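Take a look at the structure below.
Residue numbers (our numbering): 304 to 637.
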(Lines of atoms letter the chains of each structure in order from A and count residues from 1; the text may use other names and numbers.)
(Lines give C-alpha, C1' and ligand atoms only; values in the text may rest on other atoms or scores of the structure.)
Protein backbone atom coordinates (compact mmCIF):
# COMPACT_ATOMS: atom_id res chain seq x y z
CA UNK A 1 0.00 0.00 0.00
CA UNK A 2 1.20 3.50 -0.83
CA UNK A 3 -1.11 5.32 1.58
CA UNK A 4 -3.57 4.42 4.34
CA UNK A 5 -6.26 6.98 5.18
CA UNK A 6 -8.95 5.84 7.57
CA UNK A 7 -11.17 6.58 10.54
CA UNK A 8 -11.90 3.68 12.91
CA UNK A 9 -15.26 3.49 14.68
CA UNK A 10 -15.10 5.61 17.83
CA UNK A 11 -15.43 3.80 21.14
CA UNK A 12 -18.92 3.37 22.64
CA UNK A 13 -20.51 5.63 20.05
CA UNK A 14 -22.74 3.24 18.12
CA UNK A 15 -23.64 -0.43 17.88
CA UNK A 16 -23.53 -2.01 14.44
CA UNK A 17 -26.20 -4.67 14.31
CA UNK A 18 -27.22 -7.73 12.34
CA UNK A 19 -30.98 -7.66 12.67
CA UNK A 20 -31.75 -7.67 16.40
CA UNK A 21 -28.25 -8.67 17.48
CA UNK A 22 -25.00 -6.76 17.82
CA UNK A 23 -22.30 -7.77 15.38
CA UNK A 24 -19.76 -9.85 17.24
CA UNK A 25 -16.19 -8.62 17.42
CA UNK A 26 -16.97 -5.13 16.16
CA UNK A 27 -14.34 -2.50 16.90
CA UNK A 28 -15.68 0.32 19.05
CA UNK A 29 -18.00 -1.89 21.09
CA UNK A 30 -15.40 -3.30 23.48
CA UNK A 31 -16.12 -3.56 27.20
CA UNK A 32 -13.49 -0.98 28.11
CA UNK A 33 -11.52 1.77 26.37
CA UNK A 34 -8.36 -0.20 27.15
CA UNK A 35 -9.60 -3.10 25.06
CA UNK A 36 -10.58 -0.62 22.36
CA UNK A 37 -7.07 0.82 21.91
CA UNK A 38 -5.68 -2.74 22.00
CA UNK A 39 -7.97 -3.53 19.06
CA UNK A 40 -6.72 -0.46 17.21
CA UNK A 41 -3.10 -1.46 17.78
CA UNK A 42 -3.85 -4.94 16.47
CA UNK A 43 -5.26 -3.36 13.31
CA UNK A 44 -2.28 -1.02 13.05
CA UNK A 45 0.15 -3.94 13.12
CA UNK A 46 -1.53 -5.23 9.98
CA UNK A 47 -1.38 -1.81 8.35
CA UNK A 48 2.35 -1.69 9.05
CA UNK A 49 2.73 -5.11 7.46
CA UNK A 50 1.16 -4.07 4.14
CA UNK A 51 2.43 -0.46 3.97
CA UNK A 52 5.44 0.36 1.82
CA UNK A 53 8.48 1.73 3.69
CA UNK A 54 7.88 5.09 1.97
CA UNK A 55 4.15 5.10 2.77
CA UNK A 56 2.10 7.13 5.25
CA UNK A 57 -0.85 6.41 7.54
CA UNK A 58 -3.48 9.03 8.39
CA UNK A 59 -5.88 8.11 11.20
CA UNK A 60 -8.89 10.26 12.13
CA UNK A 61 -9.82 9.53 15.74
CA UNK A 62 -12.18 11.17 18.21
CA UNK A 63 -12.28 11.05 22.02
CA UNK A 64 -14.95 10.50 24.64
CA UNK A 65 -15.75 11.56 28.18
CA UNK A 66 -15.60 9.06 31.00
CA UNK A 67 -18.67 7.70 32.77
CA UNK A 68 -19.60 4.49 34.56
CA UNK A 69 -21.01 1.67 32.46
CA UNK A 70 -23.66 0.96 35.10
CA UNK A 71 -25.01 4.49 34.92
CA UNK A 72 -23.76 5.49 38.38
CA UNK A 73 -21.54 8.42 39.15
CA UNK A 74 -17.82 8.02 39.52
CA UNK A 75 -15.74 10.46 41.49
CA UNK A 76 -11.99 10.81 41.28
CA UNK A 77 -11.78 8.84 44.55
CA UNK A 78 -13.77 5.90 43.11
CA UNK A 79 -11.54 5.97 40.05
CA UNK A 80 -8.46 5.66 42.27
CA UNK A 81 -10.13 2.75 44.08
CA UNK A 82 -10.83 1.05 40.75
CA UNK A 83 -7.19 1.43 39.78
CA UNK A 84 -6.11 0.07 43.15
CA UNK A 85 -7.99 -3.14 42.48
CA UNK A 86 -11.03 -2.57 44.70
CA UNK A 87 -13.27 -3.04 41.66
CA UNK A 88 -12.70 -5.29 38.64
CA UNK A 89 -10.80 -3.31 35.98
CA UNK A 90 -12.11 -3.00 32.45
CA UNK A 91 -15.82 -2.91 33.36
CA UNK A 92 -16.34 0.79 32.84
CA UNK A 93 -14.58 3.80 31.41
CA UNK A 94 -13.48 4.69 34.96
CA UNK A 95 -10.73 2.12 34.45
CA UNK A 96 -8.91 4.82 32.48
CA UNK A 97 -10.13 8.15 33.87
CA UNK A 98 -12.48 9.63 36.49
CA UNK A 99 -15.94 10.76 35.50
CA UNK A 100 -16.13 13.96 33.44
CA UNK A 101 -12.56 13.52 32.26
CA UNK A 102 -11.53 12.98 28.67
CA UNK A 103 -10.32 9.42 28.12
CA UNK A 104 -7.44 10.70 25.93
CA UNK A 105 -7.96 7.83 23.48
CA UNK A 106 -6.23 9.52 20.51
CA UNK A 107 -3.21 10.26 22.68
CA UNK A 108 -3.11 6.72 24.09
CA UNK A 109 -3.37 5.29 20.59
CA UNK A 110 -0.50 7.43 19.29
CA UNK A 111 1.77 6.51 22.21
CA UNK A 112 1.09 2.85 21.45
CA UNK A 113 1.99 3.50 17.81
CA UNK A 114 5.41 4.68 18.96
CA UNK A 115 5.81 1.34 20.74
CA UNK A 116 4.94 -0.37 17.43
CA UNK A 117 7.87 1.42 15.81
CA UNK A 118 5.95 4.09 13.94
CA UNK A 119 6.90 7.76 13.75
CA UNK A 120 4.24 10.28 14.74
CA UNK A 121 5.06 12.99 12.22
CA UNK A 122 2.33 15.43 13.21
CA UNK A 123 -1.09 15.63 14.81
CA UNK A 124 -3.48 17.61 12.61
CA UNK A 125 -6.44 19.29 14.27
CA UNK A 126 -9.59 18.82 12.22
CA UNK A 127 -11.53 21.95 13.17
CA UNK A 128 -15.26 21.51 12.57
CA UNK A 129 -17.10 24.81 12.09
CA UNK A 130 -20.42 22.95 12.01
CA UNK A 131 -19.81 20.77 15.08
CA UNK A 132 -22.84 19.65 17.08
CA UNK A 133 -23.97 22.00 19.89
CA UNK A 134 -23.52 20.87 23.49
CA UNK A 135 -25.46 21.73 26.64
CA UNK A 136 -22.41 21.94 28.95
CA UNK A 137 -21.90 25.05 31.07
CA UNK A 138 -18.48 24.47 32.60
CA UNK A 139 -16.19 23.93 29.56
CA UNK A 140 -15.89 24.94 25.92
CA UNK A 141 -17.72 23.07 23.19
CA UNK A 142 -15.68 20.30 21.54
CA UNK A 143 -15.32 21.22 17.87
CA UNK A 144 -12.35 19.23 16.67
CA UNK A 145 -10.95 15.75 16.13
CA UNK A 146 -7.40 14.50 15.67
CA UNK A 147 -5.75 13.30 12.47
CA UNK A 148 -2.50 11.48 13.20
CA UNK A 149 0.11 11.30 10.44
CA UNK A 150 2.20 8.17 11.00
CA UNK A 151 5.12 6.80 8.98
CA UNK A 152 7.38 3.75 9.05
CA UNK A 153 10.56 5.60 8.07
CA UNK A 154 12.00 9.09 8.56
CA UNK A 155 12.08 9.54 4.77
CA UNK A 156 8.82 8.84 2.95
CA UNK A 157 6.89 9.94 -0.12
CA UNK A 158 5.51 13.47 0.10
CA UNK A 159 4.49 15.98 -2.57
CA UNK A 160 3.38 18.86 -0.40
CA UNK A 161 3.62 21.27 -3.34
CA UNK A 162 0.35 19.67 -4.48
CA UNK A 163 -1.55 21.03 -1.49
CA UNK A 164 -0.05 24.49 -1.14
CA UNK A 165 -2.42 27.42 -1.21
CA UNK A 166 -1.57 29.81 -4.06
CA UNK A 167 0.14 32.91 -2.70
CA UNK A 168 -1.93 36.07 -2.70
CA UNK A 169 -0.65 39.59 -3.20
CA UNK A 170 -3.61 40.97 -1.31
CA UNK A 171 -3.06 41.89 2.30
CA UNK A 172 -5.12 44.18 4.50
CA UNK A 173 -3.48 45.54 7.61
CA UNK A 174 -5.56 45.75 10.83
CA UNK A 175 -7.58 48.95 10.74
CA UNK A 176 -6.75 49.73 7.11
CA UNK A 177 -9.64 51.09 5.04
CA UNK A 178 -8.33 49.90 1.69
CA UNK A 179 -5.98 47.29 0.29
CA UNK A 180 -2.27 47.70 0.89
CA UNK A 181 -0.46 49.17 -2.18
CA UNK A 182 1.25 46.53 -4.37
CA UNK A 183 4.80 47.47 -3.40
CA UNK A 184 4.01 47.28 0.29
CA UNK A 185 2.21 43.95 -0.21
CA UNK A 186 5.32 42.38 -1.70
CA UNK A 187 7.45 43.67 1.14
CA UNK A 188 4.93 42.40 3.70
CA UNK A 189 4.99 38.89 2.25
CA UNK A 190 8.75 38.62 2.98
CA UNK A 191 11.02 36.07 1.37
CA UNK A 192 9.97 33.18 3.63
CA UNK A 193 6.90 32.52 1.48
CA UNK A 194 7.23 29.73 -1.09
CA UNK A 195 6.40 31.10 -4.57
CA UNK A 196 3.94 28.22 -4.98
CA UNK A 197 2.09 29.39 -1.88
CA UNK A 198 2.15 28.55 1.83
CA UNK A 199 1.91 25.02 3.15
CA UNK A 200 -1.33 24.21 5.00
CA UNK A 201 -0.90 24.40 8.75
CA UNK A 202 -1.68 21.75 11.34
CA UNK A 203 -5.25 23.02 11.80
CA UNK A 204 -7.60 22.04 8.96
CA UNK A 205 -10.96 23.79 9.09
CA UNK A 206 -13.23 21.44 7.17
CA UNK A 207 -17.01 21.41 7.49
CA UNK A 208 -18.78 18.11 7.87
CA UNK A 209 -20.31 16.78 4.68
CA UNK A 210 -23.68 15.01 4.64
CA UNK A 211 -23.62 11.60 3.01
CA UNK A 212 -26.51 10.82 0.68
CA UNK A 213 -26.87 7.04 0.42
CA UNK A 214 -28.96 5.64 -2.46
CA UNK A 215 -32.39 4.71 -1.14
CA UNK A 216 -32.29 1.21 -2.60
CA UNK A 217 -29.38 0.30 -0.29
CA UNK A 218 -31.66 0.62 2.73
CA UNK A 219 -28.93 1.88 5.04
CA UNK A 220 -27.60 5.05 6.65
CA UNK A 221 -24.06 6.11 7.55
CA UNK A 222 -23.72 8.91 10.08
CA UNK A 223 -19.94 8.76 10.57
CA UNK A 224 -18.55 9.39 7.08
CA UNK A 225 -15.79 11.98 7.06
CA UNK A 226 -15.82 14.75 4.43
CA UNK A 227 -14.12 14.15 1.10
CA UNK A 228 -11.69 17.02 1.70
CA UNK A 229 -9.72 14.94 4.24
CA UNK A 230 -8.77 12.08 1.88
CA UNK A 231 -8.40 14.61 -0.95
CA UNK A 232 -5.61 16.43 0.87
CA UNK A 233 -3.87 13.31 2.11
CA UNK A 234 -3.99 11.59 -1.27
CA UNK A 235 -2.73 14.61 -3.18
CA UNK A 236 0.02 15.28 -0.65
CA UNK A 237 1.24 11.78 0.26
CA UNK A 238 0.20 9.36 -2.50
CA UNK A 239 2.13 9.22 -5.80
CA UNK A 240 0.16 10.03 -8.97
CA UNK A 241 1.70 6.88 -10.41
CA UNK A 242 4.33 4.23 -9.67
CA UNK A 243 7.07 3.80 -12.27
CA UNK A 244 7.10 0.19 -13.47
CA UNK A 245 10.87 0.40 -14.10
CA UNK A 246 12.30 1.73 -10.83
CA UNK A 247 9.26 1.16 -8.60
CA UNK A 248 9.34 4.70 -7.22
CA UNK A 249 6.43 7.09 -7.04
CA UNK A 250 6.48 10.04 -9.40
CA UNK A 251 7.13 13.34 -7.62
CA UNK A 252 6.30 16.87 -8.80
CA UNK A 253 8.84 18.74 -10.90
CA UNK A 254 8.96 22.43 -10.05
CA UNK A 255 10.35 24.93 -12.53
CA UNK A 256 12.08 27.84 -10.83
CA UNK A 257 12.40 30.60 -13.46
CA UNK A 258 13.65 32.89 -10.76
CA UNK A 259 15.23 36.27 -10.57
CA UNK A 260 16.90 37.43 -13.80
CA UNK A 261 16.42 33.99 -15.30
CA UNK A 262 18.10 32.07 -12.47
CA UNK A 263 16.89 29.72 -9.75
CA UNK A 264 14.35 31.32 -7.45
CA UNK A 265 15.65 29.66 -4.33
CA UNK A 266 19.46 29.36 -4.24
CA UNK A 267 20.86 29.58 -0.73
CA UNK A 268 21.55 33.19 0.11
CA UNK A 269 20.71 34.37 -3.41
CA UNK A 270 17.73 36.53 -2.49
CA UNK A 271 18.18 39.02 0.28
CA UNK A 272 15.56 39.73 2.89
CA UNK A 273 13.20 42.58 2.05
CA UNK A 274 14.28 44.11 5.35
CA UNK A 275 17.85 44.29 3.98
CA UNK A 276 17.07 45.95 0.71
CA UNK A 277 15.92 42.96 -1.30
CA UNK A 278 12.50 44.37 -2.21
CA UNK A 279 13.29 44.70 -5.92
CA UNK A 280 14.56 41.11 -6.04
CA UNK A 281 11.43 39.94 -4.25
CA UNK A 282 9.21 41.80 -6.70
CA UNK A 283 10.96 40.07 -9.60
CA UNK A 284 10.63 36.72 -7.91
CA UNK A 285 6.89 37.12 -7.37
CA UNK A 286 6.34 38.35 -10.92
CA UNK A 287 7.85 35.12 -12.25
CA UNK A 288 6.93 32.50 -9.63
CA UNK A 289 7.81 28.84 -9.41
CA UNK A 290 5.41 26.46 -11.12
CA UNK A 291 4.83 22.73 -11.35
CA UNK A 292 5.56 21.40 -14.83
CA UNK A 293 5.35 17.61 -14.52
CA UNK A 294 6.41 14.53 -12.56
CA UNK A 295 9.55 12.41 -12.35
CA UNK A 296 10.90 9.37 -10.50
CA UNK A 297 14.43 8.09 -9.85
CA UNK A 298 14.96 7.01 -13.47
CA UNK A 299 17.45 9.11 -15.45
CA UNK A 300 14.88 9.39 -18.23
CA UNK A 301 11.53 8.95 -16.47
CA UNK A 302 9.44 7.99 -19.48
CA UNK A 303 8.59 4.44 -18.40
CA UNK A 304 4.88 3.68 -17.97
CA UNK A 305 3.31 3.87 -14.54
CA UNK A 306 0.76 1.89 -12.62
CA UNK A 307 -1.72 3.44 -10.19
CA UNK A 308 -0.77 3.91 -6.56
CA UNK A 309 -2.79 1.93 -4.02
CA UNK A 310 -4.74 3.75 -1.29
CA UNK A 311 -6.30 1.74 1.54
CA UNK A 312 -9.13 2.58 3.93
CA UNK A 313 -9.49 -0.41 6.31
CA UNK A 314 -12.74 1.07 7.68
CA UNK A 315 -14.20 2.24 4.37
CA UNK A 316 -17.82 1.97 5.41
CA UNK A 317 -19.13 4.63 3.03
CA UNK A 318 -16.31 4.35 0.49
CA UNK A 319 -15.39 8.04 0.77
CA UNK A 320 -11.64 7.43 0.50
CA UNK A 321 -12.09 5.04 -2.42
CA UNK A 322 -14.30 7.52 -4.23
CA UNK A 323 -11.78 10.35 -3.83
CA UNK A 324 -8.86 8.09 -4.80
CA UNK A 325 -10.67 7.03 -7.97
CA UNK A 326 -11.50 10.65 -8.80
CA UNK A 327 -7.88 11.75 -8.24
CA UNK A 328 -6.42 8.92 -10.32
CA UNK A 329 -3.53 9.30 -12.80
CA UNK A 330 -5.43 11.49 -15.33
CA UNK A 331 -5.78 14.29 -12.78
CA UNK A 332 -2.04 14.99 -12.68
CA UNK A 333 -1.06 14.83 -16.31
CA UNK A 334 0.58 18.05 -17.39
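By construction, the Cβ of each residue, glycine as well, lies at the ideal position given by its N, Cα and C atoms.
Note that the structure is a prediction, hence the values are computed from the model and not measured.
field: Same chain, Cβ closer than 8 angstroms to residue 598, neighbours up to 5 away in sequence not counted
entry: 553, 554, 556, 604
- request: Check the C-beta distance from residue 453 over to residue 362 and give it rounded, since I have them as a contact under 8 angstroms.
  value: 7 angstroms
- request: Return the chain-ordered list of same chain residues with a C-beta closer than 8 angstroms to the C-beta of residue 406, the five sequence neighbours on each side being excluded.
  value: 314, 336, 366, 367, 368, 369, 396, 399, 400
Backbone secondary structure at residue 339 - three-state DSSP: helix
message: Considering just the uninterrupted stretch of the alpha helix (DSSP H) at residue 555, what are its terminal residues?
response: Run containing residue 555: none in the alpha helix (DSSP H); it sits in the beta strand (DSSP E), 554-558.
Cβ neighbours of residue 318 in the same chain (closer than 7 angstroms, five flanking residues each side left out): 325, 332
Straight-line Cα distance separating residue 624 from residue 618: 8 angstroms
Integer Cβ distance of residue 500 from residue 469, believed to fall under 8 angstroms: 4 angstroms
- prompt: On the three-state DSSP scale, how would you describe residue 350?
  reply: helix
task: For residue 354, I'd like the list of residues in its chain whose CB is within less than 7 angstroms of its CB, leaving aside the five on either flank, ordered along the chain.
output: 304, 307, 360, 455
task: Have a look at 546, 615, 558 and flag the residue whose alpha-carbon is nearest the alpha-carbon of residue 600.
output: 546
- prompt: What first and last residue would you give for the beta strand (DSSP E) that runs through residue 429?
  reply: 422-430
- request: Classify residue 507 as helix, strand or coil using the three-state DSSP reduction.
  value: strand
message: So that I know if they touch, is there some Cβ in chain C lying closer than 7 angstroms to that of residue 408?
response: In the displayed structure, chain C is absent; only one protein chain is listed.
message: Using 7 angstroms as the threshold, is the C-beta distance between residue 450 and residue 429 below it?
response: yes
query: Which of the three DSSP states, helix, strand or coil, is assigned to residue 454?
result: strand
message: Does residue 624 come out as helix, strand or coil in the three-state DSSP assignment?
response: helix
- request: Return helix, strand or coil for residue 324, following the three-state DSSP convention.
  value: strand
message: For the ligand NAP, is there any heavy atom lying closer than 6 angstroms to the beta carbon of residue 320?
response: In the structure on display, the ligand NAP does not appear, and there are no ligands present to speak of.
query: Just reading off the alpha helix (DSSP H) that residue 417 is part of, what are its end residues?
result: 408-418
Span of the beta strand (DSSP E), counted from its first residue to its last, around residue 360: 359-364
field: alpha helix (DSSP H) segment containing residue 536, residue limits
entry: 531-540
- prompt: Of all the options 629, 593, 537, which has the alpha carbon lying nearest to the alpha carbon of residue 309?
  reply: 537
field: Cutoff 6 angstroms; reference residue 551; Cβ partners in own chain excluding five residues on either side
entry: 599, 600
query: How should residue 439 be labelled, buried or exposed, when 16 other C-beta atoms within 10 angstroms of its C-beta is the threshold for buried?
result: exposed
message: In the DSSP output, which residue or residues are listed as bridge partners for residue 307?
response: 360, 614
field: Nearest residue (CA-CA) to residue 548, options 608, 509, 448, 416
entry: 608
- request: Could you tell me which residues DSSP pairs with residue 546 in its beta bridges?
  value: 608
message: So if DSSP puts residue 597 in a beta bridge, which residue, or which two residues, is it bridged to?
response: 555
DSSP three-state assignment for residue 449, whether helix, strand or coil: strand
field: Nearest-angstrom Cβ-Cβ length linking residue 529 and residue 511, presumed shorter than 8 angstroms
entry: 6 angstroms
query: Under 7 angstroms, do residue 411 and residue 340 count as touching if we go by C-beta distance?
result: yes
Check whether residue 626 and residue 533 have beta carbons under 7 angstroms apart: yes
- request: Alpha carbon to alpha carbon, how far is residue 358 from residue 350? Give it in angstroms, no decimals.
  value: 10 angstroms
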